[in-house]
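Everything below concerns the one structure shown next.
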Amino acid sequence: MTATNFSELDLDERLINALRDKGYERPTAIQAEAIPPAMDGRDVLGSAPTGTGKTAAFLLPALQHLLDFPRKKSGPPRILILTPTRELAMQVAEQARELAAHTSLDIATITGGVAYMNHAEVFSENQDIVVATTGRLLQYIKEENFDCRAVETLILDEADRMLDMGFAQDIETISGETRWRNQTLLFSATLEGDAIRDFAERLLKEPVEIEADPSRRERKKILQWYYRVDDVKHKTALLCHLLKQPETLKSIVFVRKRERVHELVGWLREAGITACYLEGEMVQAKRTEAVKRMVEDRVNVLVATDIAARGLDINDISHVFNFDMPLTADTYLHRIGRTGRAGRKGTAISLVEAHDHLLLGKIGRYLNEPLKARVIDEFRPKTKAPSEKLAGKPSKKVLAKRQEVKKGSKEKVKVKVRQRDAKNVGKRRKPKIEAE
Ligand code: AMP
5 MTATNFSELD LDERLINALR DKGYERPTAI QAEAIPPAMD GRDVLGSAPT
55 GTGKTAAFLL PALQHLLDFP RKKSGPPRIL ILTPTRELAM QVAEQARELA
105 AHTSLDIATI TGGVAYMNHA EVFSENQDIV VATTGRLLQY IKEENFDCRA
155 VETLILDEAD RMLDMGFAQD IETISGETRW RNQTLLFSAT LEGDAIRDFA
205 ERLLKEPVEI EADPSRRERK KILQWYYRVD DVKHKTALLC HLLKQPETLK
255 SIVFVRKRER VHELVGWLRE AGITACYLEG EMVQAKRTEA VKRMVEDRVN
305 VLVATDIAAR GLDINDISHV FNFDMPLTAD TYLHRIGRTG RAGRKGTAIS
355 LVEAHDHLLL GKIGRYLNEP LKARVIDEFR PKTKAPSEKL AGKPSKKVLA
405 KRQEVKKGSK EKVKVKVRQR DAKNVGKRRK PKIEAE
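Note that this note's numbering has the sequence shown beginning at 5, numbered continuously upward.
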């Protein structure tokens with residue numbers, strides 16, 4: 005059973021107090037899952053994008069270990085945390101200091117960009133946790149300014165990024181230098197791909213594998229914007245342009261109706277773009293073949309209706325296009341959730357005709373932030389954007405609701421407000437009757 009409360013995690017009172025100071029009420033998914041095995045001394049292989057609370061997920065067990073087994077006299081670092089960048093090292097150290105605020109544990113950083121001797125305290129005084137970037141740390145190790153033998157736990161943060169940045173060899177060297185350690189924790193935004201798997205295999209011993217459920221947070225990784233278009237022809241030309249951009253690696257283009265699927269695939273073909281498609285009535289074999297072509301990178305554009313795309317699972321979609329706007333905000337979220345999987349970045353682009361502006365407003369309100377408009381010069385729309393007043397004009401349903409509320413308010417219990425009266429009176433002014 006996963007913990008829903010920090011008190012279930014057997015953490016020291018001093019850490020619980022620090023969590024309270026920070027205003028953390030309950031563990032995040034990755035914390036609830038990673039903290040218990042890490043506290044049992046197991047190696048952990050965690051898949052957790054930034055924003056999931058992964059930092060505290062490895063800091064808390066590390067701090068708890070230091071409190072459980074306090075050392076008798078000062079000495080070199082017992083916990084070593086490696087990060088891909090200086091900025092991240094600073095952030096992790098900052099969080100460690102906050103979580104250790106009620107303890108006397110010492111935390112230091114070793115990073116590039118700081119004069120070498122400024123790190124003097126790291127090897128002259130007591131240190132419990134060191135957060136480091138690999139380059140500068142190796143320099144210290146080589147010059148025997150850093151004693152690796154006391155390291156009990158090695159933690160790798162954002163391991164996938166470290167690999168991307170070419171630090172694999174450095175990390176393996178550091179891993180060799182800290183071979184007396186008892187535990188290794190490795191966190192990575194994604195665990196997909198041979199590189200990270202092989203790497204983890206070499207560094208970890210029988211790890212517990214944990215995956216945070218980042219569905220809600222992942223959404224934040226999806227860049228979203230819209231382009232205004234005049235009509236379907238304009239929209240198609242703009243879509244072709246966007247599909248031909250080098251960063252558009254693999255896309256799903258959503259349309260509302262089945263007929264549109266075939267039409268659009270034809271239009272794209274005319275523009276020299278090969279697309280496969282999914283629509284509800286397709287036989288399974290054809291459907292499987294279309295998905296296979298996408299997965300194997302033989303085709304990189306898929307046109308689909310919402311229904312046909314149900315259950316579709318392709319991992320590396322870079323772009324989702326709303327060729328037809330979805331009718332509900334929920335559908336919008338489903339669609340854009342096809343990109344930005346497994347902690348990758350994703351982009352969701354909506355192509356918006358004048359009559360779609362109400363939907364756009366609805367989606368913006370649902371997401372709690374309006375989608376931003378972009379313009380490409382050669383595809384600048386000729387028609388004007390619907391005025392805000394028009395776009396934001398309340399629907400009949402909303403107006404009816406407003407009337408109901410008015411009817412319900414005390415002063416007006418018996419007064420019937422006609423829509424046209426309310427309308428003439430305007431939004432801000434009080435109706436005459438009410439004023440009287
Ligand atoms: P991270 O994924 O470690 O970068 O954390 C993302 C953000 O979530 C940071 O601002 C943390 O301070 C915050 N955070 C981490 N754990 C919790 C928690 N249990 N409750 C609330 N916020 C948290």
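Glycine included, C-beta positions come from ideal geometry on N, C-alpha and C.
Are residue i and residue j close, meaning C-beta to C-beta below 7 angstroms?
{"i": "residue 52", "j": "residue 191", "result": "yes"}
{"i": "residue 269", "j": "residue 281", "result": "yes"}
{"i": "residue 117", "j": "residue 90", "result": "yes"}
{"i": "residue 151", "j": "residue 70", "result": "no"}
{"i": "residue 229", "j": "residue 384", "result": "no"}
{"i": "residue 200", "j": "residue 344", "result": "no"}
{"i": "residue 335", "j": "residue 310", "result": "yes"}
{"i": "residue 39", "j": "residue 65", "result": "yes"}
{"i": "residue 10", "j": "residue 41", "result": "no"}
{"i": "residue 156", "j": "residue 185", "result": "yes"}
{"i": "residue 322", "j": "residue 246", "result": "no"}
{"i": "residue 375", "j": "residue 365", "result": "no"}
{"i": "residue 387", "j": "residue 174", "result": "no"}
{"i": "residue 159", "j": "residue 62", "result": "yes"}
{"i": "residue 307", "j": "residue 352", "result": "no"}
{"i": "residue 356", "j": "residue 264", "result": "no"}
{"i": "residue 36", "j": "residue 7", "result": "yes"}
{"i": "residue 244", "j": "residue 275", "result": "yes"}
{"i": "residue 45", "j": "residue 214", "result": "no"}
{"i": "residue 283", "j": "residue 312", "result": "yes"}
{"i": "residue 135", "j": "residue 96", "result": "yes"}
{"i": "residue 348", "j": "residue 258", "result": "no"}
{"i": "residue 93", "j": "residue 137", "result": "yes"}
Under 7 angstroms Cβ to Cβ from residue i, same chain only, skipping five residues before and after it: list those, please.
{"i": "residue 106", "result": "18, 21, 22"}
{"i": "residue 181", "result": "145, 152"}
{"i": "residue 101", "result": "111"}
{"i": "residue 16", "result": "68, 71"}
{"i": "residue 303", "result": "278, 279, 280, 297"}
{"i": "residue 370", "result": "333"}
{"i": "residue 299", "result": "318"}
{"i": "residue 389", "result": "232"}
{"i": "residue 79", "result": "130, 154"}
Need the endpoints of the alpha helix (DSSP H) that residue i sits in, please.
{"i": "residue 3", "result": "Nothing can be reported for residue 3: it is not among the residues displayed for the chain, which extend from 5 to 440."}
{"i": "residue 175", "result": "172 to 181"}
{"i": "residue 136", "result": "No alpha helix (DSSP H) holds residue 136; the beta strand (DSSP E) holding it covers 133 to 137."}
{"i": "residue 1", "result": "Examination of residue 1 is not possible in this model, given that the chain is present from 5 through 440 alone."}
{"i": "residue 22", "result": "17 to 26"}
{"i": "residue 350", "result": "Run containing residue 350: none in the alpha helix (DSSP H); it sits in the beta strand (DSSP E), 350 to 356."}
{"i": "residue 167", "result": "163 to 168"}
Where does the unbroken beta strand (DSSP E) through residue i begin, and where does it stop?
{"i": "residue 309", "result": "305 to 309"}
{"i": "residue 376", "result": "376 to 378"}
{"i": "residue 284", "result": "Careful: residue 284 lies outside any beta strand (DSSP E) and carries neither H nor E."}
{"i": "residue 85", "result": "83 to 87"}
{"i": "residue 232", "result": "226 to 232"}
{"i": "residue 215", "result": "212 to 215"}
{"i": "residue 50", "result": "48 to 51"}
{"i": "residue 1", "result": "Because the chain in this structure spans residues 5 to 440, residue 1 falls outside the shown range and cannot be described."}
{"i": "residue 326", "result": "323 to 326"}
{"i": "residue 203", "result": "Where residue 203 is concerned, there is no enclosing beta strand (DSSP E), although the alpha helix (DSSP H) it sits in stretches over 198 to 207."}
{"i": "residue 257", "result": "255 to 259"}
{"i": "residue 367", "result": "It is not in any beta strand (DSSP E) - residue 367 instead sits in the alpha helix (DSSP H) that spans 361 to 371."}
{"i": "residue 332", "result": "Per DSSP, residue 332 belongs to no beta strand (DSSP E) and is neither H nor E."}
{"i": "residue 36", "result": "From DSSP, residue 36 is part of no beta strand (DSSP E) but of the alpha helix (DSSP H) over 33 to 43."}
{"i": "residue 113", "result": "111 to 114"}
Keeping to the same chain, check which residues put their C-beta closer than 6 angstroms to that of residue i; ignore five residues upstream and five downstream.
{"i": "residue 140", "result": "114, 115, 116"}
{"i": "residue 240", "result": "271"}
{"i": "residue 209", "result": "47"}
{"i": "residue 204", "result": "49, 190"}
{"i": "residue 342", "result": "256, 321, 324"}
{"i": "residue 195", "result": "51"}
{"i": "residue 212", "result": "41, 46, 48"}
Which same chain residues end up closer than 8 angstroms to residue i when comparing Cβ atoms and leaving out the 5 residues on each side of it in sequence?
{"i": "residue 255", "result": "247, 304, 305, 306, 321, 322, 323, 324, 325"}
{"i": "residue 301", "result": "254"}
Q: Could you tell me whether the segment 320 to 329 touches the segment 345 to 365, using the rule of 3 or more Cβ pairs below 8 angstroms?
A: yes
(Q) Closer than 8 angstroms is the cut-off here; do at least three beta carbon pairs connect the segment 72 to 89 with the segment 160 to 167? (A) yes
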